[in-house]
Structure formats: C-alpha cells, structure tokens
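One structure is given below, encoded as structure tokens.
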Amino acid sequence: MTADNASSEKLPVVQLTVVSIVFLSFIVVPGFVLGLVTYGWQSWLGFSNLHVGLVALAPGVLMGGAALLTMLGSR
C-alpha cells in the first residue's frame, strides 16, 4: 500500500510534464503551422493585414484553449 501511495504522489508531476510536451508538439505546432498556411492563403487573396493576423492566430488560440481546458478538466 505504501509503495502505491508514494508512486501516485509522483504521478501528477510526470503526467503534467507529458501533457506539456504533448500540448506543445501536437497542439501549438500544428496550430502555428495552420495559422501560417491560413496567413499565406488570406494574403494571397488580398485581405487586409489586420484580418489576416486575426485569422492566422485563431486556429492556434482555439486549439491551445481547448487543450488547456481539457488538461485542467482531467486533473
């Protein structure tokens, strides 16, 4: 029983680290890439810079926010 309790106390730190790595690699990076692709596509179509910036940021912000809420909800 005591060994199980000791290992379960260390688990959240490891879990948080793994979640952070997964968050960075699978959420932020694709969101950033998707934002850049969207930025290129929008600027090619000739939209204004402000709209392009907002559209480019939206995917990363939405993905990051969803992942953050999921992470906080799972704890």
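Residue numbers (UniProt numbering): 1 to 75. Glycine residues also receive a C-beta, built at the ideal position from the N, C-alpha and C atoms.
{"query": "Residues near Gly31 by beta carbon distance below 7 Å, same chain, minus five either side", "result": "Pro59, Gly60, Met63 and Gly64"}
{"query": "Cα-Cα separation, Leu69 to Phe26", "result": "15 Å"}
{"query": "Residue nearest to Thr38 in terms of C-alpha spacing, selected from Leu57, Val29 and Val14", "result": "Leu57"}
{"query": "Gly35 burial status per 10 Å Cβ neighbour count (16 or more: buried)", "result": "buried"}
{"query": "Alpha-carbon to alpha-carbon, Leu72 and Pro12", "result": "12 Å"}
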